[in-house]
Amino acid sequence: MNCTSAEAAKLLSKLNEERDLLARFENQSRTFLASVGEDVESVRPAYDYEKTRDGLKALDKKIRAVKHAINVFNANTVIPDFNMTIDEILVYLPQLSERKRTLGIMAAALPKTREPIKSNIVDYTYVNYDLETVKADLEAVTDELSRAQIALDTVNHSATFEIEL
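Structure below.
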């Protein structure tokens, strides 16, 4: 089966949902209650252990195959303009996001802030950096984050790979 990373992610989600549904069915139907004197067969839920076991095994195998194919694709596919594989970009994006968050806090700081009065002494907190440099860095990191996300999205929706189910 040939697909994009986005399609593989949707397939993986579908397979996980199918597996969860079958596992919930097994959990609900593998045992049942019957009252004393009640006809046990009339309240017995439909459940076939072997069929359920085989169904779970088959779904687990497909899930492993899809995850493996995605992992191989992510480890070997280079994002143009970044000279990083997808798995590297997936580490880089949270790093950029964290840096953007920190720079956002720094860029919003006032150059001088009066601290709450604790005694007769008035304390001030001063920024220890150039606000304009931080604002420029924030803009650059924001642009880089956006550019990396778009590059990843483009590859995830266009480059294809094979999944053997």
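Residue numbers for the sequence shown follow this note's numbering, so the first one is 306 and each next one is one higher. Glycine is no exception: its CB is placed at the ideal position from the N, C-alpha and C atoms.
- If we count Cβ pairs, one from each stretch, closer than 8 Å, do we get three or more for the region 402 to 409 versus the region 367 to 374? no
- Message: Could you check whether L408 and V432 sit closer than 8 Å to each other, using their CB atoms as the reference points?
- Response: In the sequence shown, residue 432 corresponds to position 127, counting from 1. In the sequence shown, residue 408 corresponds to position 103, counting from 1. No, the Cβ-Cβ distance between V432 and L408 is not below 8 Å.
- Message: Across the region 386 to 399 and the region 456 to 469, are there enough close Cβ pairs to call them in contact, namely three or more that are closer than 8 Å?
- Response: yes
- Three-way DSSP call (helix, strand, coil) for R349 in this model: The sequence position of residue 349 within the sequence shown is 44, counting from 1. Correct three-state label for R349: coil.
- Item | 8 Å CB neighbourhood of L361 in its chain, flanking five on each side removed | Here residue 361 corresponds to residue number 56 of the sequence shown, with the count starting at 1. So the list reads R324, L327, A328 and E331, once near-sequence residues are dropped.
- Message: Quick check on the burial criterion: 16 or more other C-beta atoms within 10 angstroms. Buried or exposed for S310?
- Response: Taking the sequence shown and counting its residues from 1, one reaches residue 310 at position 5. By the neighbour-count rule (16 or more Cβ atoms within 10 Å), S310 is buried.
- Item | Close Cβ partners of N321 (< 8 Å) along its chain, the five nearest in sequence each way excluded | Looking up residue 321 in the sequence shown gives position 16. Counting only Cβ-Cβ distances below 8 Å, and skipping sequence neighbours, we find I368.
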